[in-house]
Structure formats: C-alpha cells, structure tokens
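Trainee: Residue numbering for the sequence shown follows numbering that gives the first Met the number 0, beginning at 0 and increasing consecutively. Cβ coordinates follow ideal geometry from the N, Cα and C atoms, glycine included. I'd like to ask you about the structure that follows.
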Amino acid sequence: MTFDPKVVPFDRSAAYVHHRAMKNRRDNNPVDALELLRRAVENAPENVEYKLDLAEMYCEMGCHAQSNRLLLDLLAQENAPSECYYGLALNMLAMNDLEGAKRTLMRYRRSDPKGARSLDAGGLAEELTFYTAMLRPASRKAYRAARIADQACDRMKREDFGEARRLFEKSLALDPARREMRALYALDLKLAGEEASAIEQAQRATEGEEPSLRALCVAAQVYQMAGRADLARREILRAVTLRPEGLELRLLMYALGEMGMHQEVAECARMALREAPHDRKLLHTRAVALHYTGAPDAEVIKFWERILRIDPEDSIAAYFQSMATRGQLNEIRLNYIYQVPKDEMLRRFKSIADTLSSSMEELERVWQSDANFRALLKWCATVESPQFRRAAVTVLSTLEDPEAESTLREILLRPDIPFDLKLHASMLLRMRGADMQRMLPPSVDEEDGMLPESDQVLEGLPLTMRQAAKYADRVLEEVWGVSALPALAVMFLRVWNACPSLPRSRERVEVLAAASAYCYLKLHEYKVRFDKIAREFGCSFRRVVYYAARMADALEEEENEGN
Numbered sequence: 000m001t002f003d004p005k006v007v008p009f010d011r012s013a014a015y016v017h018h019r020a021m022k023n024r025r026d027n028n029p030v031d032a033l034e035l036l037r038r039a040v041e042n043a044p045e046n047v048e049y050k051l052d053l054a055e056m057y058c059e060m061g062c063h064a065q066s067n068r069l070l071l072d073l074l075a076q077e078n079a080p081s082e083c084y085y086g087l088a089l090n091m092l093a094m095n096d097l098e099g100a101k102r103t104l105m106r107y108r109r110s111d112p113k114g115a116r117s118l119d120a121g122g123l124a125e126e127l128t129f130y131t132a133m134l135r136p137a138s139r140k141a142y143r144a145a146r147i148a149d150q151a152c153d154r155m156k157r158e159d160f161g162e163a164r165r166l167f168e169k170s171l172a173l174d175p176a177r178r179e180m181r182a183l184y185a186l187d188l189k190l191a192g193e194e195a196s197a198i199e200q201a202q203r204a205t206e207g208e209e210p211s212l213r214a215l216c217v218a219a220q221v222y223q224m225a226g227r228a229d230l231a232r233r234e235i236l237r238a239v240t241l242r243p244e245g246l247e248l249r250l251l252m253y254a255l256g257e258m259g260m261h262q263e264v265a266e267c268a269r270m271a272l273r274e275a276p277h278d279r280k281l282l283h284t285r286a287v288a289l290h291y292t293g294a295p296d297a298e299v300i301k302f303w304e305r306i307l308r309i310d311p312e313d314s315i316a317a318y319f320q321s322m323a324t325r326g327q328l329n330e331i332r333l334n335y336i337y338q339v340p341k342d343e344m345l346r347r348f349k350s351i352a353d354t355l356s357s358s359m360e361e362l363e364r365v366w367q368s369d370a371n372f373r374a375l376l377k378w379c380a381t382v383e384s385p386q387f388r389r390a391a392v393t394v395l396s397t398l399e400d401p402e403a404e405s406t407l408r409e410i411l412l413r414p415d416i417p418f419d420l421k422l423h424a425s426m427l428l429r430m431r432g433a434d435m436q437r438m439l440p441p442s443v444d445e446e447d448g449m450l451p452e453s454d455q456v457l458e459g460l461p462l463t464m465r466q467a468a469k470y471a472d473r474v475l476e477e478v479w480g481v482s483a484l485p486a487l488a489v490m491f492l493r494v495w496n497a498c499p500s501l502p503r504s505r506e507r508v509e510v511l512a513a514a515s516a517y518c519y520l521k522l523h524e525y526k527v528r529f530d531k532i533a534r535e536f537g538c539s540f541r542r543v544v545y546y547a548a549r550m551a552d553a554l555e556e557e558e559n560e561g562n
C-alpha cells in the first residue's frame, strides 16, 4: 500500500486540528474552520487559546449565544483572559444591546488598559457613544412620543387594543409626523375591528413622495387584512423600490411573505445572504420561500443542513430537516418566523412538563443521558413566552451540572430576559448552595442587568428622591446617552438608608438630581466636571458640590456598615 501525503488519520492531535482550522479560516472556508475548531476544543478542553478562537469564529458567523457561552465559561474560571470582555462586547453589539456593549468595553479597558485589544476597544467605545447620541430624538417631545409608542406596541402584543389605541393617539398628538406610529395605529384599529378608521389612518401614513418603508409594510398588511389586495400590493411594491438593507429588508421579507409573494421573498433572501451567508434566520427564510415556489425538498433541505453544520444543537433546524427528509413538509404550515409550528411547540412543552413532574433524581438522570431533552430545554429559553422561559431557567438553576450552569450563564446575560426571571434563578442557585462568584462572574458591569425594576425601588422612596432620580435619568440620557434609572433608584435608596436627614424639600429636586448624576458618572469613570453638571441641571455650583459630597459620604458609610 503506497503512502499518500494528502490522506491524514482522523485522530490527529488537537494542535494539528487547530492548525487546519486556522488554514481553512484564512482560505475563507468558515464552516469547515468552525467544525475543526470545535474538534480542537473537544480534544483539548483546557486550552484557552482554542476556546477564544472558537468564540471569535462563532461571533463572526452570527452565533452570538454560543460565543457568549464560551466566553462566560472562561470568565467563571480563575485568571480569565481580559479579551473575553472584548468578545462579549462585540456579541452584545451584534445583538443590539448597546448599553451592555458600552459597559463591557469599559470593564475591559479598566481591567487591562494596555491589552491587545485596548485601541480597538477605545475606538469602538467612541463610535458607540457617537451612535447612541445620533439615535436620540431631536427634542424631548419626540423622545416622549417614541416612548409612549413603545408602550402602545407592548399593549397591542398583549391584545389590549383599547389601551394601545389610547397610547397611540397620545403619541401622535405629540409627534404627528411619525408615519411608522400612524401605520401601527392603523394596525391596532384593524385588530380592534374598526376597519374604516384603520384604512383612513393607513392612507395618511403612506401619503407623500418619500414614505417610510416600515409604514409601507405595516400599511400593506392592514390593507391585506381588510381584503384590499390591490392597495396592499401597491404599497408593498413601493417598499420594494426603496431597496432596503439590514433590519428593514427583513421586515420587507416578512410583509411579502404575509401577502403570499413568495418569489419576491426568495429573491430578497438570496440578496441578503450575500452579506450574511451564515445567518440562520435568512437561511430559513430562503428555504421556506423556495418551498412555497415549488422547489423540491432536496433543494430546500440544504439550507437547514447548513444551519446544523454551523450549530448542531439547533433543534429548530433539526425539526425542519427531519420533516423534509421524510417528505412531510406539505403536512405542516411553514412560517417565515424562525420557530417550530405551534403543534410541535405544544408537543415539546408537554414532553418537558412530563419530565419535570418526575423526581429530582429522574430529572438529573434524563439531563445526563438524553441529548434530545438537553436540546429541548435550551430551545425552551429561546421561545418568546414567559412560561417556556421560566420552565427552562427553573430546571437549569436546580441542576448541579457544568453544562447546565454554562447554559444558564449565557441565558442570564441576554438583554431580553426580564429581571424577575434573573432574580428567580439567583434565588434557586443560592438555595442549593451554588458558588455565585463562579455561576455569575463579573462578566460585564457589576450591575450586569441584575438590578431590580426601577418602579419597585422608587415606590419606597420619598417624593423628592423619586422626582430627583427621574430628572437625573432624563438629563443623563439626553446629554450623556446613558439610561440609568434603576441604578439611580438603588443609589438613592442606599443614601436614604445611610442618611435619612438628607433634605426632602421639593425645591431641592434639581440639586439632588445633579448630585446623583455626578456620583453615577464618576462611579462609571466618566470625565465630568461640577460646573457642567450644575449648568445642565440649572442649579448652584456650590450646592452641587456640597450634596454630591454628602451623597458620596453616605454611600461609603453604607458600604462600610455592610462590610
């Protein structure tokens, strides 16, 4: 038998596999590189360099949850590399968590000022500050209108259409030129059964030569729901001519799909995949669109197989791949939203509930032995349902297993996980005696999303402090681009506990707000001067200095008593 130098044994060393992965990465074969890097980490689980490379590869390919999980596992160990903070910041930025990204970059620069990524981190922090400043509305009235519209959308999701209508009308009274708000108002009216008013508002939202793409897409859906297919097609074709990119292109694809224009969806997805070839939601959208246009299952299944190559634990792609393999795609209603059908969702939840109803020993045994159950539990945390998420977090918090703890760490870092669920997990971890420093490492800021809701704290404060906290938060957001109401509320609570004699007179709201804003900015290492703070809040320089010193002394005294 002759020796062929191109044929190598499968069981090469981890160093060799890592070398091949880096070569594939340089040769622009990212999926092959990712698979090889996973093998390298499996063969050498203690090698930090391999894990950092794998986390970076996951980040580049849009698998931010997997990347965060690796980085948080490293931070839970002693002597973790500071580059983990930089990697977390990039993932948070890609997940649209701008405040989390800024805090993590600050933590990285504070922990390693001369690190390998310090220059990149400084430049990225400046860009984020500029970007958030540009995102702020031009006036307080516009900002307030946007916040009220957000509340209206939340009410509409809960099917409270009457309250949503009241909030939309209040928002439009403040800023009547916002076409997206008016289009959403039209959608709320249609869902509430007021079809004539909905069509009138949809027409007002899309009139003019330069309409908003979001307004066009929402208005088209309103017309479609009202049975006006001609108007719906006219508005959606106007949206197509705008040639959107990024998030707006995804919104357009969803609207096209709702109207049954699958050929156009397939073309939009093809164009979008040029920019993001590994995005699982785009791959799924392309597969669904091709299926509806009559493509054979052998062509459609390739997109879900590609997702599984990138993330073998993705149970959503695994479900659709299984259905396509058995030729049963026509038996289910495929949706452009990247989630399993409702019947499959209920079946999965019942399967998890049956396992949870057993004993703790049986639960631990199933977790250890059944890979499918582990995948279902991880999937449960991605469903936009409080019941599903609470079930997943509860189970993961009670299991004494490294993989469960690793998964839980990543879930608690997500910006869309509410505080009460994080607190629930923290209480369960403490009850079973878990090492909280290892379970919840200081991965980003000390607050790290674990502060209570501001309303819960503000209710227990005097009126003056409540008003001061809200005023300070408003100025911080408008001038420094920082949203800090929960932190300010906790700060005032600590100050009040340590110094109950702090003035409560309403005439001193401005100076208390200015002092608290100064303390917050200094704690977070912002470069700030007393004269600028006094000018922004419109109060005396000397009084700001005096009350900031009193608040700082009270915070230090309270901390010393706690120690």
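How about residue 39 and residue 13: are their beta carbons less than 7 Å apart?
Mentor: Sequence index remark: in the sequence shown, residue 39 carries index 40 (1-based). Sequence index remark: in the sequence shown, residue 13 carries index 14 (1-based). The answer is yes: Cβ separation under 7 Å.
Trainee: Would you decide whether residue 61 is buried or exposed? Buried here means 16 or more other CB atoms lie within 10 Å of its CB.
Mentor: Here the question's residue 61 lines up with position 62 in the sequence shown. It counts as buried.
Trainee: Since I believe residue 72 is in contact with residue 609 (beta carbons under 8 Å), could you give me their beta-carbon distance rounded to a whole number of angstroms?
Mentor: Past the boundaries of the shown model lies residue 609; the chain is included only from 0 to 562, so the question cannot be answered.
Trainee: Pick helix, strand or coil for residue 256, following the three-state DSSP scheme.
Mentor: Along the sequence shown, read from residue 1 onward, the residue named residue 256 stands at position 257. In this structure, residue 256 counts as helix in the three-state DSSP scheme.
Trainee: List the whole-angstrom C-beta distance separating residue 212 from residue 243, where the pair is believed to meet the contact cut-off of C-beta under 8 Å.
Mentor: Along the sequence shown, one-based indexing puts residue 212 at 213. Along the sequence shown, one-based indexing puts residue 243 at 244. Right, their Cβ atoms sit about 5 Å apart.
Trainee: Please list the terminal residues of the continuous alpha helix (DSSP H) segment that includes residue 261.
Mentor: Taking the sequence shown and counting its residues from 1, the one referred to as residue 261 is at position 262. Where residue 261 is concerned, the enclosing alpha helix (DSSP H) stretches over 261-274.
Trainee: Can you grab the Cα-Cα spacing for the pair residue 152 / residue 216, in whole Å?
Mentor: Within the sequence shown, residue 152 is the residue found at index 153, counting from 1. Within the sequence shown, residue 216 is the residue found at index 217, counting from 1. Rounded to whole angstroms, residue 152 to residue 216 spans 16 Å at the Cα level.
Trainee: Confirm, please, whether the CB-CB distance from residue 173 to residue 180 is below 7 Å.
Mentor: The residue given as residue 180 occupies position 181 in the sequence shown. The residue given as residue 173 occupies position 174 in the sequence shown. No. Outside cutoff.
Trainee: Would the region 96-115 count as touching the region 504-522 if we require 3 or more Cβ pairs under 8 Å?
Mentor: Judged by Cβ distances under 8 Å, the region 96-115 makes no contact with the region 504-522, as fewer than three pairs qualify.
Trainee: Roughly how many angstroms separate the alpha carbons of residue 114 and residue 184, rounded to a whole number?
Mentor: Taking the sequence shown and counting its residues from 1, one reaches residue 114 at position 115. Taking the sequence shown and counting its residues from 1, one reaches residue 184 at position 185. Approximately 50 Å, taken between the alpha carbons.
Trainee: Count the other CB atoms, across all protein chains shown, that sit within 10 Å of the CB of residue 463; report buried if there are 16 or more and exposed otherwise.
Mentor: What you label residue 463 is simply residue 464 of the sequence shown in a count that begins at 1. Buried, since its Cβ has 16 or more Cβ neighbours within 10 Å.
Trainee: Going by DSSP, what residue range makes up the alpha helix (DSSP H) through residue 83?
Mentor: Your numbering for residue 83 matches position 84 in the sequence shown. Looking at the DSSP string, the run of the alpha helix (DSSP H) that includes residue 83 is 82-93.
Trainee: Which same chain residues, not among the five before or five after residue 96, have their C-beta less than 6 Å away from its C-beta?
Mentor: The residue labelled residue 96 in the question sits at position 97 within the sequence shown. Cβ neighbours of residue 96 beyond the five flanking positions: 414.
Trainee: So, with DSSP's three-state summary, where would you put residue 180?
Mentor: Sequence index remark: in the sequence shown, residue 180 carries index 181 (1-based). Looking at residue 180 - three-state DSSP - the assignment turns out to be helix.
Trainee: Am I right that residue 372 and residue 366 are in contact with their C-beta atoms under 8 Å? What's the rounded C-beta distance?
Mentor: Position 373 of the sequence shown, counted from the start, is the residue given in the question as residue 372. Position 367 of the sequence shown, counted from the start, is the residue given in the question as residue 366. Confirmed, Cβ separation roughly 6 Å.
Trainee: Mind reading off the beta-carbon distance from residue 431 to residue 397? Whole number of angstroms is fine, and I expect it under 8 Å.
Mentor: By one-based count along the sequence shown, residue 431 stands at place 432. By one-based count along the sequence shown, residue 397 stands at place 398. Right, the Cβ-Cβ distance comes to about 6 Å (below 8 Å), so this counts as a contact.
Trainee: Leaving out five residues on either side along the sequence, give the residues of the same chain with a beta carbon under 7 Å from the beta carbon of residue 597.
Mentor: Coverage of the chain is limited to positions 0 through 562, which leaves residue 597 absent and any answer about it impossible.
Trainee: Could you tell me which whole alpha helix (DSSP H) segments of length 4 or greater appear in the region 335-366?
Mentor: Segments of the alpha helix (DSSP H) lying fully in the region 335-366: 341-355.
Trainee: Between residue 296 and residue 323, how many whole angstroms is the CB-CB distance? I'm expecting something under 8 Å.
Mentor: If you number the sequence shown from 1, residue 296 lands on position 297. If you number the sequence shown from 1, residue 323 lands on position 324. Sure, about 5 Å apart at Cβ, within 8 Å.
Trainee: Starting from the Cα of residue 485, find the closest Cα among 473, 326 and 477 and give me that residue.
Mentor: Residue mapping note: residue 485 aligns to position 486 of the sequence shown, counting from 1. For residue 485, the nearest C-alpha among the options comes from 473.
Trainee: In three-state DSSP terms, what is residue 187?
Mentor: One-based indexing of the sequence shown puts residue 187 at position 188. It is helical.
Trainee: Say the cut is 6 Å; is the CB of residue 140 nearer than that to a heavy atom of the ligand PLP?
Mentor: Absence of the ligand PLP is noted for the structure shown, with no ligands found whatsoever.
Trainee: Please go through the same chain and pick out, in chain order, the residues whose beta-carbon is closer than 6 Å to the beta-carbon of residue 380, but skip the five residues on each side of it.
Mentor: As a position in the sequence shown, residue 380 is number 381, starting the count at 1. Answer for residue 380: 388, 391 and 410, listed in chain order.
Trainee: Give the single residue among 140, 158 and 150 whose Cα lies nearest to the Cα of residue 176.
Mentor: Mapped onto the sequence shown, residue 176 falls at position 177. Of the listed residues, the one whose Cα sits closest to residue 176 is 140.
Trainee: Within 10 angstroms of the Cβ of residue 76, are there 16 or more other Cβ atoms? Answer buried if so, exposed if not.
Mentor: Walking along the sequence shown from the start, residue 76 turns up at place 77. When all chains shown are included, residue 76 counts as exposed.
Trainee: Do you know offhand how far residue 221's Cα is from residue 205's?
Mentor: By one-based count along the sequence shown, residue 221 stands at place 222. By one-based count along the sequence shown, residue 205 stands at place 206. The straight-line gap from Cα to Cα measures roughly 12 Å.
Trainee: Cα separation between residue 279 and residue 427?
Mentor: Counting from 1 along the sequence shown, the entry for residue 279 is found at position 280. Counting from 1 along the sequence shown, the entry for residue 427 is found at position 428. Going from the Cα of residue 279 to the Cα of residue 427 covers about 33 Å.
Trainee: Take residue 417 as the anchor and find which of 385, 401, 340 and 393 has the nearest alpha-carbon.
Mentor: For the purposes of this step, residue 417 is identified with residue 418 of the sequence shown, where counting begins at 1. Of the listed residues, the one whose Cα sits closest to residue 417 is 385.
Trainee: From the DSSP output, in three-state form, read off residue 377 for me.
Mentor: Position 378 of the sequence shown holds residue 377. If DSSP states are grouped into helix, strand and coil, residue 377 belongs with the helices.
Trainee: Taking only runs of the beta strand (DSSP E) that begin and end inside the region 367-429, which ones reach a length of at least 3 residues, in chain order?
Mentor: Correct list: empty.
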